Each structure stands twice: as structure tokens, then as C-alpha cells.
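**Student:** Take this structure first; my questions come after.
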Ligand SMILES: C[S@@+](CC[C@H](N)C(=O)[O-])C[C@H]1O[C@@H](n2cnc3c(N)ncnc32)[C@H](O)[C@@H]1O
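This is the structure:
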């Protein structure tokens, strides 16, 4: 009895090593011990989100490689009836990816354009400008809040990113995630036209860096209301700022909401 318990624990430990040595799209490396046999399932499943992204959205290896990071956070809810909201639909590629990866999820999407043609039994779309609080409020009135995951892949301007974060963070479930994609639009030398002022002080990247450097961490945004900044200060558990140098800039940040306030 004791021996089999020992082997199970060893299997779990080996699984971490195998997972760490397996890149998101390849199959697990060959077993190096009998114990690793028991744990091949998990690393084989990691990489699924990137595979499902394919070329239908730039979230995967075709573009920004965000899916590699997302899967580490979101794998836990793969078979759960979670609520996902994404700002930015375009051709619906990421909505289809979420629906395939989370077979029990309900998916809600905001876009400034009418994307009703992307709707189906589990996916609902809503027309709203993410920089207008009254329109975001209408979205919440229609579909409710309590999102496990909320992703901003909309227009990527400074006001849009910060107003949406300030307004919508309240509607993330405790323990859930709010993700801001494409924060590289804060780098006007590469991406002009996203509303970064000459001194860069209003950029989303600057806001996050200031937050991270603060003691205590503190949100300061010219686009947010005082109560929104206070809510973020009190409810963000961590800000996981990610950068990838993969021929295109790929900067995104995952904000986790505290379990309880
Ligand atoms: C990058 S695309 C979304 C791509 C999609 N998430 C995917 O990965 O397949 C950006 C989308 O944001 C929408 N958008 C632009 N400005 C917006 C705004 N102010 N409010 C809401 N949506 C906006 C555009 O209409 C477009 O469909």
C-alpha cells in the first residue's frame, strides 16, 4: 500500500517536469520512467487552446501566443459551466475557440459593430462601444455580470482599455480573471494612433507599471472614476504582465480578482 502511494506522488512530481519540458504544441516527450506513464494525459491536453486557436484568431501561435499563457490559468475550468465575456469579435474566431475549448461555457461578446451573425445557443453578442460606460451598463443589464473570465480584445486605445477595465472589473467573479490584450499599443513608436500622449503618462502600460511599482500598488488613470480605481486597488490580487518578443510585440496583462474582499 505504502509503495503504491509513493508511486502516485512520484507520478505527480514527474508530471510537472514533463509539463515544463513540453512545449504547447508538441506532444509530450518520451517517458523517462514508469511513473511518467500515469501523467501523460495532462501535458497532452495542454496546448489544446493553441491548437484550437489555429489561424482563426491571432491569440495563438499564428499571432501573439497568448493562448500558451491563458491555458495555464484557465485549464482548471475546462469542463466547468463558466461565463466568459470578450470585447472584440471581428470574424468570431476567438469566440469559436472559447466555445470549443470550454464545452459547457456561456460566451458573451461586446463589439461596436453588429455581430449578431456569430450568435448561437451558447454565444451571445451585444453592440456597445467599450469606451462608453452607459453602453457597457446596458450590456450588463441584458446579460448580467459574474464573469469567470473577461478579455479585452477590442479597439486597444488607451481610453478604451482603461475605461473598460475600470467599469467592468466589478463584474468579474471573485477569483476570476480580467485580461487586457495588445498592451503594446502603449508603444507609439511602433503603434501610433492609439491615444498615447507625448509624455506617455496616460498609457495603459505606464498605468500597470506604476501599479506594480507602487507601495502599496495603486491604480492611477485619467480615464477611470475615483471609485473604479479604489475598487481595483481593493480587489486586484495580482497583475501578471506578459511580454513576448515573437516578431510582433505581444504584451498583455492578466488581473486576478481576489477571492473575497
Ligand atoms: C482585434 S479584433 C477582435 C478579434 C477577436 N477577438 C479574435 O481574436 O478573433 C477587434 C474588434 O474590436 C471591435 N472594436 C473596435 N473598437 C471598439 C469599441 N470602441 N468598442 C467595442 N468594440 C470595438 C472591432 O469592431 C473588432 O471587431
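Numbering (the working numbering), first residue to last: 54 to 314. Where is the CB? At the ideal position from N, CA and C, for every residue including glycine. Quantities reported herein were computed from a predicted structural model and do not represent experimental measurements.
Using a Cβ-based criterion (distance less than 7 Å to any ligand heavy atom), does residue 137 qualify as near ligand 1?
**Tutor:** Because no heavy atom of ligand 1 lies under 7 Å away, the Cβ of residue 137 does not count as near it: no.
**Student:** Throw me the rounded Cβ distance for the residue 194 and residue 205 pair, which I believe falls under 8 Å.
**Tutor:** At roughly 20 Å, the Cβ-Cβ gap does not stay under 8 Å, so residue 194 and residue 205 are not in contact.
**Student:** For residue 124, collect the residues of the same chain with a Cβ closer than 8 Å to its Cβ; drop the 5 residues on either side in sequence, then sort them by chain order.
**Tutor:** The residues are 77, 99, 100, 101, 102, 103.
**Student:** For residue 114, verify whether its CB is less than 7 Å away from any heavy atom of ligand 1.
**Tutor:** False, no ligand heavy atom lies under 7 Å from that Cβ.
**Student:** Flag this pair as touching only if the segment 147 to 161 and the segment 237 to 253 have three or more C-beta atom pairs under 8 Å; answer yes or no.
**Tutor:** The answer is no - the segment 237 to 253 does not touch the segment 147 to 161, with fewer than three Cβ pairs under 8 Å.
**Student:** If contact is defined by three or more beta carbon pairs under 8 Å, each pair taking one atom from either stretch, is the segment 296 to 306 in contact with the segment 111 to 121?
**Tutor:** Contact between the segment 111 to 121 and the segment 296 to 306 is present, because at least three Cβ pairs lie under 8 Å.
**Student:** Answer yes or no: the CB of residue 315 versus the heavy atoms of ligand 1, is any distance below 7 Å?
**Tutor:** What is shown of the chain runs 54 to 314, which leaves residue 315 out entirely.
**Student:** Whose CA, out of 248, 177, 122, 188, lies closest to the CA of residue 232?
**Tutor:** Per the Cα distances, 122.
**Student:** Tell me which residue opens and which closes the beta strand (DSSP E) that residue 123 is part of.
**Tutor:** It is not in any beta strand (DSSP E) - residue 123 instead sits in the alpha helix (DSSP H) that spans 119 to 127.
**Student:** What did DSSP end up calling residue 135 once you bin it into helix, strand or coil?
**Tutor:** In this structure, residue 135 counts as coil in the three-state DSSP scheme.
**Student:** State the Cα-Cα distance for the pair residue 254 and residue 280, rounded to the nearest angstrom.
**Tutor:** Residue 254 and residue 280: Cα-Cα distance of roughly 21 Å.
**Student:** Report whether the distance from the Cβ of residue 146 to the nearest heavy atom of ligand 3 is below 7 Å.
**Tutor:** Because ligand 3 does not appear in the structure shown, any question about it cannot be addressed here, the ligands present being ligand 1.
**Student:** Alpha carbon to alpha carbon, what distance is there between residue 268 and residue 171?
**Tutor:** Whole-angstrom Cα-Cα distance: 44 Å.
**Student:** Please classify residue 113 as buried or exposed, where buried requires at least 16 neighbouring CB atoms within 10 angstroms.
**Tutor:** It is buried - the Cβ of residue 113 has at least 16 other Cβ atoms within 10 Å.
**Student:** Confirm the yes/no value for this check: CB of residue 110, any heavy atom of ligand 1, distance under 7 Å.
**Tutor:** Yes; taking the cut-off as 7 Å, the Cβ of residue 110 has a heavy atom of ligand 1 nearer than that.
**Student:** Given residue 181, which residues of its chain have a CB within under 8 Å of its CB, disregarding the five upstream and five downstream residues?
**Tutor:** So the list reads 163, 164, 165, 188, 189, 191, 192, once near-sequence residues are dropped.
**Student:** Would the beta-carbon of residue 310 fall within 8 Å of that of residue 290?
**Tutor:** Yes, the pair counts as a contact, with Cβ atoms nearer than the cut-off.
**Student:** Note down, in chain order, each residue of its chain lying with its Cβ closer than 7 Å to the Cβ of residue 201, except the 5 sequence neighbours on either side.
**Tutor:** So the list reads 130, 135, 136, 137, 226, 229, once near-sequence residues are dropped.
**Student:** Can you tell me whether DSSP reads residue 100 as helix, strand or coil?
**Tutor:** Three-state DSSP puts residue 100 in coil, outside helix and strand.
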